[in-house]
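Some notes on the structure that comes next.
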Amino acid sequence: MFNLLKYKNYNKFEKLVQRTKKISKILVEYSNEKLKKQTAELKAQLANGKLMDDILPEAFGTAKEAIRRALGLNLFDVQILGSIVLYNGKIAEMKTGEGKTIAAILPAYLNALQGNCVHIITVNDYLAKRDADLVSNVYKYLDITVGLIQQNMTTKQRKIQYQCDITYVTNNELGFDYLRDNMATNTNDIVLRNLHFAIIDEVDSILIDEARTPLIISGPSEGPIDKYMVCKDLSNKLKKNIDYEIDEKAKNITLTDRGILKCENILNTNDLYNLRNPWIQYILNALKAKEIFLNNVNYIVKNQTIMIVDEFTGRVMEGRRWSDGLHQAIEAKEHVKIQPENQILASITYQNLFLLYNKLSGMTGTAKTEETEFDKIYYLEVQEIPTNKPCQRKDLPDLVYKNEYNKWKAIANECYDMYKVGRPTLIGTTNVEKSEFLANILNEFKIPYNLLNAKPENIAREAEIITQAGRKSAITISTNMAGRGTDIILGGNAYTMTKIVLIDYLQKLLNLPKTYKINNIEKNIETHLESINDNSIKDQIGDQQIEKYLQKQIDSIEINNDQNNTKFQDVYLKVLNEYKTLFKQEKKEVLALGGLHVVGTERHESRRIDNQLKGRSGRQGDTGSSRFFLSLEDNLLRIFGGDKISKIMQSLNINDNVPIESTILSKSLDAAQKKVESYFYDMRKQLFEYDEVINNQRQAIYTERKRILESTFVRDCIIEYGESTIDEIVTLYSNEPNINEKAKLIERITKLLNLTEDLLTTSIIKMTDTQIKNFFYEQLRITYDLRESYLEQLKPGLIRQLEKYYLLQQIDKAWQEHLEKMTILKESIGWRSYGQQDPLIEYKNEAFYLFTNMVTYIRQTVVYLTMRSRLIINIKV
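Going by the UniProt record's numbering, the first residue of the sequence shown is number 1, and it counts up by one from there.
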């Protein structure tokens with residue numbers, strides 16, 4: 001049995017783990033109804049003054065028993081330990097296959113007992129749905145509701161899902177819901193409750209990788225589209241290293257003096273940087289589209305649309321577009337319809353979004369390499385959770401070749417050898433292009449393989465490909481495995497395979513388009529399937545989706561009462577048992593051969609991504625191995641430190657076909673990766689520091705907006721805005737020595753407050769500042785009362801609607817314009833460093849000035865509009 005006492009860091013948790021297990025043993029005797037009542041009892045204990053810490057063992061024990069009943073799983077001690085770490089608001093580093101998804105159930109349940117919202121955040125819709133479906137079976141035993149947010153849901157649907165005790169949502173959907181809530185003009189359109197507790201799955205992927213790019217809600221703006229095509233043609237006339245230079249580290253391009261002159265001549269302009277007719281941004285974006293952002297690497301073209309490919313997960317990022325005109329430049333390059341450029345309506349970084357939670361925790365297989373960043377930015381501590389069984393994977397030394405051709409030849413030979421031996425092999429590639437290149441090589445070798453990359457036809461088969469990746473002789477090529485959220489089970493996954501085979505057969509039966517490519521179904525399984533080939537099954541399915549029908553049948557199977565099963569359910573159980581027997585035997589054979597072999601084709605920019613790929617092998621104490629095949633032409637080595645390694649290989653005079661394998665080399669590679677990680681950390685830190693400035697402003701604006709939105713009587717707010725405006729102008733008035741300028745300021749107040757009577761400037765000049773303020777306060781109230789009375793007579797309640805409308809409209813309009821100014825400021829502030837000034841301090845000062853101007857503008861505009869509002873009635877004759 002696993003013993004926590006061996007690990008000094010976790011001695012303090014040993015008692016909690018043992019008490020949890022002890023309570024769950026008592027609860028085994030409870031009926032389902034009695035177990036359900038545990039939730040109400042625990043809530044009552046919290047209501048009577050007990051703390052969550054006090055009821056932790058009982059709550060965890062209850063959830064543990066519910067998991068056993070719903071999923072047939074008995075939690076390991078390490079999973080309970082992981083749950084305790086998550087409950088304490090830390091990051092639990094749990095290796096692949098250790099059951100992170102199940103471990104999250106315990107802390108989520110305990111926090112849900114308080115009545116606050118609990119969010120489980122995943123990296124994509126597929127994982128959110130899979131996990132929500134899985135855990136909802138557990139929570140049925142606990143009388144806890146589970147919500148799920150998916151991309152195409154309406155506001156009404158989202159609101160219902162967020163009202164549940166526990167909600168599964170992707171990081172993107174959560175961020176956009178937060179921004180949309182703060183753009184709502186009606187309280188009924190607000191979907192989120194207060195952000196209380198979140199558990200982030202694949203926490204490194206979301207808080208580190210995704211944190212480089214802020215979330216932006218944008219709307220169309222008017223911008224010239226023809227410039228993109230002109231600059232696309234222009235970019236083809238410019239020559240690399242002569243007219244422009246590429247900084248591959250920063251993914252940036254700069255024009256040389258010769259390039260600037262050439263562009264000016266072609267475009268017939270004398271200034272590319274002219275603010276009234278700028279060209280430089282269009283040219284640089286066209287060059288980036290040509291040199292840096294490549295088809296089948298950074299994006300794919302699908303249905304005449306540019307779809308971004310996530311460099312960390314290899315998935316298509318639906319609905320995402322590059323900003324600042326880059327996406328339009330790529331559309332011009334690929335000859336697809338150019339969409340208009342967008343204006344930022346609202347934005348937030350992931351750093352500031354997740355810092356809004358009262359308590360935050362996360363889980364992943366790889367977080368230790370980034371623990372400094374987690375601590376400094378998110379105040380999260382990383383704790384490594386020991387594996388339930390010792391890891392038996394062998395990580396073999398890297399093999400480095402002089403050129404890429406020999407590297408790919410060696411990888412193909414490795415795949416051929418493994419295929420002949422019968423060992424399942426997973427090959428991780430960095431992009432779509434490389435995965436298809438390797439697939440073509442394997443075609444030449446006549447080696448059967450499965451390809452999993454961002455192409456739509458391959459993504460549809462993801463479950464099938466992963467399910468079979470651990471089978472004997474299986475060769476699987478995949479783009480980055482981070483965030484896949486699916487374990488590769490040696491021998492195969494019987495449950496998933498049964499579902500896939502049944503869906504495939506039913507699609508064939510109903511003459512529907514087939515999702516999967518199932519080959520060589522065993523004869524006895526085929527026989528079982530043929531027994532459901534009758535019209536009754538077709539009638540039962542009707543218009544339902546096959547997946548939904550199948551899941552419904554599985555959920556309602558009476559395990560202990562076989563005579564109640566339908567014919568279809570009997571077939572399901574027979575096929576499942578056949579696969580269980582088959583895969584059990586196959587697992588023994590695969591383990592004897594050495595388990596899953598992982599092949600890396602390139603070192604990634606981050607060690608974490610490499611570790612995630614390696615972690616697919618050796619789950620739950622299985623045997624396995626991994627090896628990386630590299631070349632001096634790989635991006636990482638070429639950009640971040642290939643010279644030193646290249647000199648070593650040249651001095652040793654090594655043959656092109658012979659790889660080098662040494663400790664010095666491995667250290668150089670690690671150093672190169674650390675350099676990249678450090679570079680991107682600085683980028684994220686800078687983004688965070690700059691966004692921290694706008695975040696304080698964002699919170700001030702959103703708080704004010706929420707106050708107005710939730711208020712039923714905002715007259716006082718308008719009066720407050722009017723008085724603040726009077727104060728500001730009177731302060732200017734008292735500091736102004738010129739009599740004529742003083743008169744202009746008085747005139748400004750009278751226009752603003754829409755005062756009808758003539759005010760004698762001479763009489764006001766004789767007043768003190770306090771008297772002037774009090775005089776205008778009185779005039780403001782009198783005029784406002786008259787305006788209110790006038791509008792109330794025309795249409796009762798109209799003034800209240802107008803007040804709220806003007807306030808929200810002007811706040812939104814001013815905030816959008818402010819965001820645009822802040823973007824321009826951020827892009828240009830770097831130049832201040834040439835004047836020996838700190839750009840960040842200068843940015844803070846300028847941002848404060850812009851913000852105060854914006855607040856003044858909002859107040860004055862709202863007062864001006866409200867004081868002049870009229871009701872125009874159109875009478876049609």
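Note that beta-carbon positions come from the ideal geometry of N, C-alpha and C, so glycine has one too.
Among the options, which one has its Cα closest to the Cα of residue i?
i	options	result
residue 67	12, 85, 131 and 139	139
residue 694	214, 862 and 585	214
residue 310	296, 623 and 323	296
residue 884	698, 782 and 792	In the structure as shown, the chain starts at 1 and stops at 877, and residue 884 therefore has no counterpart that could be examined.
residue 342	469, 225 and 383	225
residue 17	355, 59, 687 and 575	59
residue 878	366, 79, 346 and 611	Because the chain spans 1 through 877 in this model, residue 878 falls outside it and cannot be assessed.
residue 217	209, 868 and 184	184
residue 603	545, 539, 670 and 705	670
residue 417	207, 822, 593 and 810	593
residue 690	825, 520, 811 and 198	825
residue 90	380, 435 and 680	380
residue 81	605, 391, 98 and 655	98
residue 555	304, 330, 355 and 137	137
Is residue i buried or exposed, if buried means 16 or more other CB atoms sit within 10 Å of its CB?
i	result
residue 794	exposed
residue 279	buried
residue 364	buried
residue 479	buried
residue 813	exposed
residue 779	buried
residue 863	buried
residue 796	exposed
residue 50	exposed
residue 628	buried
residue 732	exposed
residue 791	buried
residue 72	exposed
residue 608	buried
residue 298	buried
Are residue i and residue j close, meaning C-beta to C-beta below 8 Å?
i	j	result
residue 228	residue 192	no
residue 87	residue 56	yes
residue 727	residue 773	yes
residue 369	residue 687	no
residue 334	residue 382	no
residue 614	residue 395	yes
residue 442	residue 469	no
residue 461	residue 586	no
residue 253	residue 291	yes
residue 820	residue 718	no
residue 633	residue 404	yes
residue 325	residue 601	no
residue 715	residue 212	no
residue 134	residue 62	no
residue 323	residue 286	no
residue 598	residue 616	yes
residue 197	residue 84	no
residue 886	residue 467	Any property of residue 886 remains undetermined from this structure, which presents the chain solely from 1 to 877.
Can you name the residues that DSSP bridges to residue i?
i	result
residue 244	240 and 255
residue 49	Residue 49 pairs with nothing; no bridge assigned.
residue 92	363 and 383
residue 201	363
residue 138	Beta-bridge pairing links residue 138 to no other residue.
residue 170	122
residue 597	425 and 625
residue 346	217
residue 660	400
residue 299	295 and 308
Are the C-beta atoms of residue i and some chain B residue less than 8 Å apart?
i	result
residue 216	Protein chains in the displayed structure number just one, and chain B is not present.
For this session: Starting from the N-terminal side, write out each stretch of the alpha helix (DSSP H) that is 4 residues or longer and does not extend beyond the region 95-121.
Result: Qualifying alpha helix (DSSP H) stretches, in chain order: 100-103 and 105-112.
For this session: Pick out the complete beta strand (DSSP E) segments inside the region 379-403, 3 residues or longer, and give them in chain order.
Result: Counting only runs of at least 3 residues, the region 379-403 fully encloses the following beta strand (DSSP E) elements, listed from N- to C-terminal order: 382-384, 392-395 and 399-401.
Problem set entry | Continuous beta strand (DSSP E) assignments of at least 3 residues falling wholly in the region 417-457 | Whole beta strand (DSSP E) segments, 3+ residues: 425-429 and 450-452.
Problem set entry | 4-residue-minimum alpha helix (DSSP H) runs that sit fully inside the region 492-521, ordered along the chain | Whole alpha helix (DSSP H) segments, 4+ residues: 494-509.
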